[in-house]
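A.B. asks: Just dropping this structure here.
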Amino acid sequence: QQQVKQSPQSLIVQKGGISIINCAYENTAFDYFPWYQQFPGKGPALLIAIRPDVSEKKEGRFTISFNKSAKQFSLHIMDSQPGDSATYFCAASKVYNTDKLIFGTGTRLQVFP
Amino acid sequence: EAGVVQSPRYKIIEKKQPVAFWCNPISGHNTLYWYLQNLGQGPELLIRYENEEAVDDSQLPKDRFSAERLKGVDSTLKIQPAELGDSAVYLCASSFGAGGLNEQFFGPGTRLTVL
Numbered sequence: 000q001q002q003v004k005q006s007p008q009s010l011i012v013q014k015g016g017i018s019i020i021n022c023a024y025e026n027t028a029f030d031y032f033p034w035y036q037q038f039p040g041k042g043p044a045l046l047i048a049i050r051p052d053v054s055e056k057k058e059g060r061f062t063i064s065f066n067k068s069a070k071q072f073s074l075h076i077m078d079s080q081p082g083d084s085a086t087y088f089c090a091a092s093k094v095y096n097t098d099k100l101i102f103g104t105g106t107r108l109q110v111f112p
Numbered sequence: 391e392a393g394v395v396q397s398p399r400y401k402i403i404e405k406k407q408p409v410a411f412w413c414n415p416i417s418g419h420n421t422l423y424w425y426l427q428n429l430g431q432g433p434e435l436l437i438r439y440e441n442e443e444a445v446d447d448s449q450l451p452k453d454r455f456s457a458e459r460l461k462g463v464d465s466t467l468k469i470q471p472a473e474l475g476d477s478a479v480y481l482c483a484s485s486f487g488a489g490g491l492n493e494q495f496f497g498p499g500t501r502l503t504v505l
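Keeping their order, the protein sequence lines are chains A and B.
Going by this note's numbering, the first sequence opens with residue 0, and the numbers climb by one from there.
Going by this note's numbering, the second sequence opens with residue 391, and the numbers climb by one from there.
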């Protein structure tokens with residue numbers, strides 16, 4: 000029940016295309032869903048996050064869509080660029096609790112020019 | 391502003407040898423985390439500190455792993471003795487306070503190879 004399932008494992012997108020990464024969770028107590036971006040040799044960095052009181056959050060080319068009833072959330076990268084090539088991790092935790100972040104298994108995104 | 395600093399960046403050791411990793415968090419961050427990241431996997435929490443106190447070490451294999459944060463600033467994670475299966479990246483992160491809304495800032499990690 001603590002798992003966060005992420006798909007696909009890898010994704011290849013043409014420059015200018017849309018990248019979509021999906022995550023699903025089981026624990027309905029989770030109420031904070033961040034996405035992290037990790038470049039080779041670097042630690043993960045927070046990209047964007049959402050609370051379940053909204054169904055969508057957009058920051059620039061990055062959008063999180065959230066479906067509370069389905070217990071699923073996804074990251075959409077619009078106009079994908081070669082610089083977006085990285086590994087993306089979804090995660091989940093409880094806001095008002097010192098519980099830990101549970102990370103998905105990651106999606107390696109490659110954007111070709 | 392300096393980020394989370396970790397050293398060494400890479401370490402290669404023989405199995406059964408001891409190894410230690412060091413982390414210096416972002417100044418002012420009282421919460422410090424050690425994560426294990428296996429190849430092709432997401433980070434998994436090993437231990438979380440609030441100042442000097444280890445408040446969540448439930449995932450730390452205490453038979454061979456130990457950690458300390460004596461003055462509530464930098465921290466050391468030790469493995470003794472190391473096993474082949476310990477080969478992974480060890481990430482340190484820090485945040486200003488615990489709880490989901492406090493962004494965790496990650497260091498670059500230490501890549502450990504056990505031969």
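Backbone N, C-alpha and C define an ideal beta-carbon position, used for all residues, glycine too.
Any beta-carbon of chain D closer than 8 Å to the one on B:Glu493?
C.D. replies: Absent from the structure is chain D; the protein chains it does hold are A and B.
A.B. asks: Helix, strand or coil: how does DSSP classify A:Asp83 here?
C.D. replies: DSSP places A:Asp83 in helix when its eight states are reduced to three.
A.B. asks: Give me the residue from A:Asn21, A:Cys22, A:Gln13 and A:Pro33 with the minimum Cα distance to B:Asn492.
C.D. replies: With distances taken between Cα atoms, B:Asn492 lies closest to A:Pro33.
A.B. asks: Could you tell me which uninterrupted beta strand (DSSP E) segments, each at least 3 residues in length, are contained entirely in the segment 467-505 of chain B, listed from first to last along the chain?
C.D. replies: Counting whole runs of 3 or more residues, the segment 467-505 of chain B contains the beta strand (DSSP E) stretches 478-485 and 500-504.
A.B. asks: Can you list, in chain order, the residues of its chain whose CB lies under 6 Å from that of A:Ser54, leaving out five sequence neighbours each side?
C.D. replies: Taken in chain order, the residues that qualify are Phe65.
A.B. asks: Check the Cβ-Cβ distances between A:Thr27 and every residue of chain B, and say whether any is below 8 Å.
C.D. replies: Judged by the 8 Å Cβ criterion, A:Thr27 is not in contact with chain B.
A.B. asks: Identify the contact partners of A:Gly43 in chain B, using a Cβ-Cβ distance below 8 Å as the criterion.
C.D. replies: Here residue 43 of chain A turns out to be Pro, not Gly, going by the sequence shown. Neighbours of A:Pro43 on chain B, chain order: Pro433, Leu481 and Phe496.
A.B. asks: In chain order, what residues of the same chain lie with their CB nearer than 6 Å to the CB of B:Gly462, ignoring the 5 residues before and after it?
C.D. replies: So the list reads Asn441 and Glu442, once near-sequence residues are dropped.
A.B. asks: Is it a yes or a no for the segment 448-460 of chain B touching the segment 396-403 of chain B, going by three-plus beta-carbon pairs under 8 Å?
C.D. replies: Contact fails: fewer than three Cβ-Cβ distances are below 8 Å.
A.B. asks: My understanding is that B:Val409 touches B:Leu502, with C-beta atoms under 8 Å, so please give their C-beta distance in whole angstroms.
C.D. replies: Correct: roughly 6 Å between the Cβ atoms.
A.B. asks: Could you tell me whether the Cβ of B:Gly499 comes closer than 8 Å to any Cβ of chain A?
C.D. replies: It does; some Cβ of chain A falls within 8 Å.
A.B. asks: At what residue ranges does the segment 394-459 of chain B contain a whole run of the beta strand (DSSP E), taking only runs of 3 or more?
C.D. replies: Counting whole runs of 3 or more residues, the segment 394-459 of chain B contains the beta strand (DSSP E) stretches 395-397, 400-403, 409-414, 421-427, 434-440, 443-446 and 455-458.
A.B. asks: In angstroms with no decimal places, state the Cα-to-Cα distance between A:Asn21 and A:Gln5.
C.D. replies: Answer to the nearest angstrom: the Cα atoms are 6 Å apart.
A.B. asks: Using a threshold of 8 Å, state whether the C-beta atoms of A:Tyr24 and A:Ala91 are closer than that.
C.D. replies: Cβ atoms of A:Tyr24 and A:Ala91: closer than 8 Å.
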